[in-house]
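Since the structure comes first, as structure tokens, the remarks are kept for the end.
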Amino acid sequence: MTAVSTGSVLILGAASDMGRAIARRYAEAGRALILAARTPERLETDAADLRLRFKADVRTAAFDALDTAGHAAFLDGLGALPDTVVCVVGLLGDQGKSQRDAAVARRVIDTNLTGPASILGEAANRMEARGSGTIIGVSSVAGERGRASNYVYGAAKAGLTAFLSGLRNRLSRAGVQVITVKPGFVRTRMTEGMALPGALTAEPDEVARAVLAAQATGRDVIYVRPVWRLIMLVIRSLPEAVFKRTKL
Amino acid sequence: MKLSGWGRFPRVESRLVTARDQDDAVRAVAGGGPLIARGNGRAYGDAAIGPRTTLSLLGMDRMLGFDPDSGVLTCEAGVLLRDILGVFVPRGWFPPVTPGTKMVTVGGMIAADVHGKNHHAAGSFGDHVDSLDLLLADGRVVTCGPNRAPELFAATRGGMGLTGVILRASFRLIPVETGYIRQETLRADDLAGIMAMFEDSAGWTYSVAWIDCLAKGPRMGRSLLFRGEHARLDELPAAARARPLDVTLRRARTVPFDVPAIALNRLSVGAFNALYWRLGTPREELIDYDRFFYPLDSLLEWNRIYGRPGFTQYQCVLPLSTSADGLRALLSAIGAAGNASFLAVLKLFGRQDGLMSFPMEGYTLALDFPASTATLGLLLDLDAIVADHGGRLYLAKDARMGAALLRRGYPGLDGFQALRAAHGLAAVFRSVQSERLGL
Ligand SMILES: Cc1cc2nc3c(=O)[nH]c(=O)nc-3n(C[C@H](O)[C@H](O)[C@H](O)COP(=O)(O)OP(=O)(O)OC[C@H]3O[C@@H](n4cnc5c(N)ncnc54)[C@H](O)[C@@H]3O)c2cc1C
Chain A
100 MTAVSTGSVL ILGAASDMGR AIARRYAEAG RALILAARTP ERLETDAADL RLRFKADVRT
160 AAFDALDTAG HAAFLDGLGA LPDTVVCVVG LLGDQGKSQR DAAVARRVID TNLTGPASIL
220 GEAANRMEAR GSGTIIGVSS VAGERGRASN YVYGAAKAGL TAFLSGLRNR LSRAGVQVIT
280 VKPGFVRTRM TEGMALPGAL TAEPDEVARA VLAAQATGRD VIYVRPVWRL IMLVIRSLPE
340 AVFKRTKL
Chain B
416 MKLSGWGRFP RVESRLVTAR DQDDAVRAVA GGGPLIARGN GRAYGDAAIG PRTTLSLLGM
476 DRMLGFDPDS GVLTCEAGVL LRDILGVFVP RGWFPPVTPG TKMVTVGGMI AADVHGKNHH
536 AAGSFGDHVD SLDLLLADGR VVTCGPNRAP ELFAATRGGM GLTGVILRAS FRLIPVETGY
596 IRQETLRADD LAGIMAMFED SAGWTYSVAW IDCLAKGPRM GRSLLFRGEH ARLDELPAAA
656 RARPLDVTLR RARTVPFDVP AIALNRLSVG AFNALYWRLG TPREELIDYD RFFYPLDSLL
716 EWNRIYGRPG FTQYQCVLPL STSADGLRAL LSAIGAAGNA SFLAVLKLFG RQDGLMSFPM
776 EGYTLALDFP ASTATLGLLL DLDAIVADHG GRLYLAKDAR MGAALLRRGY PGLDGFQALR
836 AAHGLAAVFR SVQSERLGL
């Protein structure tokens, strides 16, 4: 079993709804936090909130997932390497636009795969050298089978899922924990305005609780709402001949 | 999507948009409306539903600063009272005024200018607000308070979101030594008895009565009065004195399904009320603040006990001079109609001015009714009694009153409308309620 961690937590994509919810739960658990996002000024109100609510030790940092050339310097610039790195960076994008414009598709793939793989890879190397740490990547059930309605996003998430799985395989004996989170539908800015099925839709805070629980209990891959494990089992096992005629 | 208030009546189609920060709110308002701000949807009726767009402030829920010298907390409008209690009671601070549920937002408390069991002693929530940031129709954000843009402030507290979107507010918490309340329960046999008891209790910080509104004849108005004070450290039993602010809260349960309407008939409610009154033996006790202020919050979604059609709360206030007559007339009408009301709450308000604030010096009565045609008929009779006695209804509970009753009850209405017109607010900030009331 993995021991419950106590060190600092770096949250990449901290301005997102999931990032904010995860930050609150870690702050509540007494962990020091580094909130990172493209415009760190916008994180100041969240930092003030965490300090006031939980007396948390919080700082903010500028981080751009797409600036992969700067990722090593970003981590080194933090001072001490954080105990835990959570990556919530993501972009749903618009499938129709991605189909028409390769630059748009590229951005979706870079934001969901290239950028996260780059920064988590850098963090992994440092944690491996240190011999401890936790990497948590938020991927998606959309990565389990490509669907007409969002396969560019799905392909990027499939890549991230495979990346995390490989990282876990490589680091399991190095004392570094790697967790893959597959949230399913979550009520966030990304999904605002969509008609989401209530029973399958999680609140950002549920994701946050699931993340902390997974770290504490040493889980590898989590679905935030357990019913998704079943749904994805069914979706994965549909024969291609059948699947291609569905409108999922 | 279909939106409704806490009473689940009415349900209205509206586009729900969430503001995570000021930019989001500005963008939503720039669309030109009509729209209305929404907190946690604890207003019973249609006050927090926009005719086209509804702007949820639940994404703006950050606490921004606290000054331990003055007790002033600054936070975004979507912060829940539950969270304020969770953070500040353990540090020895308590909200100056609290409604009967902690599942409300700061913005919702200001917009309805909510009252608590201490209205006679502390006034309404707006009396404790130092300043607030208000987003107007043209995208400007104005800071207002009792000493800054006071007209805008006066119209905004109690203004039900019709003057703009409250983004942030600063208000004063009060210091407490413990998380407990010293409560006394008293029993009154009739209306005169309970009114006398309220007057005798003026020196208590908190007072409220539960009234059996099905009791008739000489028993009409029989009630239990609950009055309370924040317990001092030396009033706690030795065991609790080591951690006086550590009140371990009860686990909330959820009502698992919609209860069929039949369960709430005259007989069951009558039996419940009679039993409750009998069990209310006069006593003194120490209870934690959660049980004293929020007995219903431990039953999440208790609004579902009224079943699918939903329910409505009827809360009126009558001026002191007409209260005795008016309450008698109201209780007679309710008793005669035999409409079951589970919860009937009576409270004596202190003085209050304010353009659109609900409280006035006098008695307020609050009753829950299932939303049915029979109820709606009875409520029209109650409206007439309230109007005849110079009273008014609470907009945060209302789902069905007419414009005439509003106009008679709220003398500040013309000033309120003039201010809305002068700032160009009337076309942009509208709710289903305001359209129903011709505001
Ligand atoms: C069980 C229960 C007990 C209650 N007890 C009491 C009581 O004892 N005393 C009392 O006074 N009230 C009481 N209420 C009513 C409740 O306090 C008010 O309805 C309160 O306004 C609800 O807050 P909310 O955040 O849910 O706001 P909502 O219900 O979402 O909105 C209420 C009004 O405030 C406006 N509003 C909300 N946020 C903003 C904002 N940021 N800017 C501008 N306008 C805004 C809305 O437009 C709407 O007009 C009770 C309600 C319940 C369900």
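Those protein sequence lines, which keep their order, are chains A and B.
The working numbering puts the first residue of the first sequence at 100, with every later residue one more than the last.
The working numbering puts the first residue of the second sequence at 416, with every later residue one more than the last.
Where a beta carbon is used, it is the ideal one built from N, C-alpha and C, also for glycine.
Residue from the options whose Cα sits closest to the Cα of residue i
| i | options | result |
| --- | --- | --- |
| aspartate 209 (chain A) | A:Glu143, A:Ala340 and A:Leu190 | A:Leu190 |
| lysine 532 (chain B) | B:Asp545, B:Thr516 and B:Gly522 | B:Thr516 |
| glycine 769 (chain B) | B:Thr600, B:Gly501 and B:Thr571 | B:Thr571 |
| tyrosine 691 (chain B) | B:Asp484, B:Ala452 and B:Arg637 | B:Arg637 |
| serine 419 (chain B) | B:Asn455, B:Lys762 and B:Pro514 | B:Asn455 |
| methionine 416 (chain B) | A:Thr316, A:Thr300 and A:Gly292 | A:Gly292 |
| arginine 851 (chain B) | B:Ala818, B:Ala458 and B:Ile800 | B:Ala818 |
| serine 115 (chain A) | A:Thr138, A:Ser107 and A:Gln314 | A:Thr138 |
| glycine 372 (chain A) | A:Leu266, A:Leu134, A:Ala204 and A:Leu180 | Since the displayed chain A opens at 100 and closes at 347, residue 372 (chain A) lies outside it and no answer follows. |
| threonine 489 (chain B) | B:Leu714, B:Gly632 and B:Ser585 | B:Ser585 |
| tyrosine 322 (chain A) | A:Asp182, A:Gly283 and A:Asp148 | A:Gly283 |
| glutamine 730 (chain B) | B:Pro774, B:Pro710 and B:Pro697 | B:Pro774 |
| isoleucine 234 (chain A) | A:Leu259, A:Lys154 and A:Trp327 | A:Leu259 |
| lysine 343 (chain A) | A:Gln194, A:Leu295 and A:Ala247 | A:Ala247 |
| glycine 554 (chain B) | B:Glu614, B:Asp439 and B:Thr433 | B:Asp439 |
| methionine 331 (chain A) | A:Ala309, A:Ala155 and A:Gly245 | A:Gly245 |
| alanine 113 (chain A) | A:Glu143, A:Gly106 and A:Thr105 | A:Glu143 |
Nonlocal neighbours in the same chain, by C-beta distance under 6 Å from residue i, ignoring five residues either side
| i | result |
| --- | --- |
| valine 237 (chain A) | Val187 and Val280 |
| alanine 257 (chain A) | Gly242 |
| serine 231 (chain A) | Gly274 |
| methionine 100 (chain A) | Its pLDDT being 38, under 50, methionine 100 (chain A) is placed unreliably by the model, and the measurement read from it follows with that caveat. Excluding residues within five positions, the ones whose Cβ falls inside 6 Å are Gly317. |
| arginine 835 (chain B) | Ala841 |
| tyrosine 595 (chain B) | Ala646, Leu701 and Asp703 |
| methionine 524 (chain B) | Phe540 |
| glutamate 599 (chain B) | Arg642 and Glu699 |
| alanine 80 (chain A) | Residue 80 (chain A) lies beyond the range of chain A shown here (100 to 347); nothing can be said about it. |
| arginine 130 (chain A) | Val108 |
| valine 240 (chain A) | Lys281, Gly283, Trp327 and Met331 |
| glycine 824 (chain B) | Arg807 |
| glycine 853 (chain B) | Ala818 |
| valine 441 (chain B) | Gly554 |
Residue i - containing alpha helix (DSSP H), residue span
| i | result |
| --- | --- |
| aspartate 148 (chain A) | 143–153 |
| glutamine 848 (chain B) | 847–851 |
| arginine 743 (chain B) | 735–752 |
| glutamine 314 (chain A) | 303–316 |
| glycine 488 (chain B) | The question names glycine, but residue 488 (chain B) is leucine in the sequence shown. Where leucine 488 (chain B) is concerned, there is no enclosing alpha helix (DSSP H), although the beta strand (DSSP E) it sits in stretches over 487–491. |
| glycine 722 (chain B) | Glycine 722 (chain B) -> no alpha helix (DSSP H), and no H or E assigned at all. |
| alanine 161 (chain A) | Premise fails: alanine 161 (chain A) lies in the beta strand (DSSP E), 157–161, not in any alpha helix (DSSP H). |
| tyrosine 125 (chain A) | 116–127 |
| phenylalanine 831 (chain B) | 828–837 |
Own chain partners of residue i with C-beta closer than 8 Å, once the 5 adjacent residues on each side are dropped
| i | result |
| --- | --- |
| leucine 329 (chain A) | none |
| aspartate 796 (chain B) | Ala748 and Ala752 |
Where the beta strand (DSSP E) containing residue i begins and where it ends
| i | result |
| --- | --- |
| arginine 272 (chain A) | Unbroken run through arginine 272 (chain A): none, as it is neither H nor E. |
| glutamate 699 (chain B) | 698–703 |
| serine 622 (chain B) | 621–626 |
| glutamate 339 (chain A) | Unbroken run through glutamate 339 (chain A) is the alpha helix (DSSP H), 339–342; no beta strand (DSSP E). |
| glutamate 599 (chain B) | 595–603 |
| histidine 645 (chain B) | 638–645 |
| phenylalanine 613 (chain B) | Per DSSP, phenylalanine 613 (chain B) belongs to no beta strand (DSSP E); it is in the alpha helix (DSSP H), 606–615. |
| tyrosine 778 (chain B) | 777–785 |
| glycine 236 (chain A) | 232–237 |
Rounded distance between the beta-carbons of residue j and residue i, thought under 8 Å
| i | j | result |
| --- | --- | --- |
| leucine 794 (chain B) | arginine 815 (chain B) | 7 Å |
| arginine 587 (chain B) | histidine 534 (chain B) | Actually they do not touch by this definition, with Cβ atoms about 16 Å apart. |
| alanine 492 (chain B) | alanine 811 (chain B) | No, alanine 492 (chain B) and alanine 811 (chain B) are not in contact; Cβ-Cβ is about 16 Å, not under 8 Å. |
| alanine 164 (chain A) | glycine 220 (chain A) | Their Cβ separation, rounded to whole angstroms, is 13 Å, which puts alanine 164 (chain A) and glycine 220 (chain A) out of contact at 8 Å. |
| leucine 648 (chain B) | valine 504 (chain B) | About 14 Å; that fails the 8 Å criterion. |
| phenylalanine 844 (chain B) | glycine 474 (chain B) | Their Cβ separation, rounded to whole angstroms, is 19 Å, which puts phenylalanine 844 (chain B) and glycine 474 (chain B) out of contact at 8 Å. |
Cβ neighbours of residue i in the same chain (closer than 7 Å, five flanking residues each side left out)
| i | result |
| --- | --- |
| isoleucine 800 (chain B) | Gly741, Ala744, Leu745 and Ala748 |
| serine 539 (chain B) | Val512, Asp528, Val529, His530, Gln767, Ser772 and Pro774 |
| leucine 270 (chain A) | Ala223, Glu227 and Val277 |
| alanine 102 (chain A) | Unreliable positioning characterises alanine 102 (chain A) in this predicted model, as indicated by a pLDDT of 47, which lies under 50. A coordinate reading is not provided. |
**Request:** Taking 5 Å as the limit, tell me which residues put their C-beta closer than that to any heavy atom of ligand 1, in chain order.
**Result:** B:Trp421, B:Ile451, B:Ala452, B:Arg453, B:Gly454, B:Asn455, B:Gly456, B:Arg457, B:Ala458, B:Ala462, B:Ala463, B:Leu472, B:Ala492, B:Pro514, B:Gly515, B:Thr516, B:Val519, B:Thr520, B:Gly522, B:Gly523, B:Ala526, B:Ala527, B:Val529, B:His530, B:Met575, B:Gly576, B:Val580, B:Ile581 and B:Ala811
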